[in-house]
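A.B. asks: This structure is in structure tokens; I'll ask about it shortly.
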Amino acid sequence: MNIKDLIENSKSTRDFKEKRVPEELVKEVISFSKEAKPLYTDQKIHMMYLEDGNMVNEALEGIAGFNGIMIKAPQYFLFVTDNKEHDQINVGYYVQKIVLKIQDLGLDSCWISVPEDGQIVKEALSIDVEGEPAAILAIGYDEDEKKVINQFKWGENYSKTSMKVVENNVSSRLSMTEVVYFDKWGKTETLDQFIELGMEEVFRYAVMAPSSFNRQPWRFLLKDNHLYLAIKEDDKANEELDLLDAGIIILYVELLFTENSIDGTWKIEIDGERKETIHIPQDYKYIGYFSTEQ
Ligand SMILES: Cc1cc2nc3c(=O)[nH]c(=O)nc-3n(C[C@H](O)[C@H](O)[C@H](O)COP(=O)(O)O)c2cc1C
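Heads up: the sequence shown begins at 1 in the UniProt record's numbering, then just goes up one per residue.
Below, the structure is given as structure tokens:
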């Protein structure tokens with residue numbers, strides 16, 4: 001499948017069949033993970049395969065997942081980092097690459113968030129490994145092939161009953177005109193402007209990126225041939241989730257520009273001086289920019 005189809009068809013599965021993922025496919029994911037380039041090559045991410053889904057689900061109930069709600073799955077991957085500064089951006093970027101690979105293999109998955117103190121996860125699973133657990137992926141086969149729309153709204157408690165299955169298989173997303181500003185913060189443009197700049201396709205797919213609680217915290221500022229990224233901070237989320245969500249959108253933007261034959265690179269400069277010069281509001285975390293200049 002090409003990257004746009006993968007992005008479009010990717011969804012979070014919370015209701016897995018008991019059917020296990022065959023070991024050949026697990027091996028394929030593991031060998032992909034060894035080749036997959038992270039955003040920061042000087043940071044280590046160790047992907048651990050957890051084959052006993054029942055044990056993991058029981059051990060992590062009340063610990064991992066939004067509000068401690070674990071997602072029951074036949075198998076899981078646990079991602080452990082060497083705990084360098086801002087490593088969650090790297091985890092978001094890297095794990096989402098694996099999510100797309102899993103999707104390409106005809107499997108389903110769901111991100112599961114871990115508590116800020118990831119050591120609790122290691123203790124619960126009796127895992128003796130160096131580093132900090134940063135994310136979990138549930139893998140398997142979706143019981144219901146339809147996409148789930150997450151109706152989470154800030155101010156309400158997240159619960160499984162707040163999600164419903166929709167017939168058209170599409171979970172709700174903001175429109176590109178709501179998340180990309182032009183020349184100055186807050187200045188929106190019409191779809192025609194995106195088309196004129198050859199950016200319509202990139203953002204049509206970029207906004208399909210998954211994010212924690214489906215909160216879609218990313219905002220972009222397109223100015224002087226630079227695409228600046230900021231993440232809306234919120235009391236309900238934490239810095240870890242902000243950075244994981246940032247890493248995912250960074251991957252999508254990179255993949256989609258490449259797909260459109262535009263090569264560029266991301267420069268990460270979290271909350272650097274530029275936040276002031278380009279007037280990003282205080283309640284946003286400035287992440288960095290994508291540019292085609294070398
Ligand atoms: C960093 C991150 C953490 C997430 N953690 C959880 C989780 O703990 N439990 C859960 O049910 N979904 C989790 N999700 C899935 C999101 O809720 C989901 O991606 C979002 O609602 C969009 O839906 P979609 O993936 O089906 O398009 C997480 C997603 C991300 C990106």
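In this text, a Cβ means the ideal position worked out from N, Cα and C, and glycines have one as well.
Here the structure is a predicted model, which is why all the values come from computation and not from measurement.
1. Would the region 255-273 count as touching the region 193-203 if we require 3 or more Cβ pairs under 8 angstroms?
2. What is the C-beta distance between I280 and W185, in whole angstroms, given that I count them as a contact (C-beta under 8 angstroms)?
3. Which whole-angstrom value describes the C-beta separation of L78 and S109, a residue pair presumed to lie in contact below a C-beta threshold of 8 angstroms?
4. Determine contact between the region 45-56 and the region 70-77, defined as no fewer than three beta-carbon pairs at a distance below 8 angstroms.
5. Check whether the region 221-230 and the region 276-290 touch, using three or more Cβ-Cβ pairs below 8 angstroms as the test.
6. S212 by DSSP, collapsed to three states: which one?
7. For ligand 1, is there any heavy atom lying closer than 6 angstroms to the beta carbon of I98?
8. Mind checking which residues open and close the alpha helix (DSSP H) that includes V246?
9. Pick out whichever of E24, L60, K187 and I89 has its Cα sitting closest to the Cα of K285.
10. My assumption, with CB atoms under 8 angstroms, is that L244 sits in contact with G92. Please give the rounded CB distance.
11. Check for me: the alpha helix (DSSP H) holding V114 runs from which residue to which?
12. Mapping the DSSP letters down to three states, classify M199 as helix, strand or coil.
13. Does DSSP put K37 in a helix, a strand or coil?
14. Does the beta carbon of P38 fall short of 6 angstroms from some heavy atom of ligand 1?
15. Are there 16 or more other CB atoms within 10 angstroms of the CB of I112, so buried, or fewer, so exposed?
16. Please state if the CB of D104 and the CB of K44 are separated by a distance shorter than 7 angstroms.
C.D. replies: This is what the structure holds:
1. yes
2. 6 angstroms
3. Not really, about 13 angstroms apart at Cβ, beyond 8 angstroms.
4. yes
5. yes
6. helix
7. no
8. Note on identity: in this sequence residue 246 is Ala, with Val being the wrong assignment. Looking at the DSSP string, the run of the alpha helix (DSSP H) that includes A246 is E239 to E259.
9. I89
10. 4 angstroms
11. Taken as a continuous stretch (DSSP letters only), V114 belongs to no alpha helix (DSSP H), as it is neither H nor E.
12. coil
13. coil
14. no
15. buried
16. no
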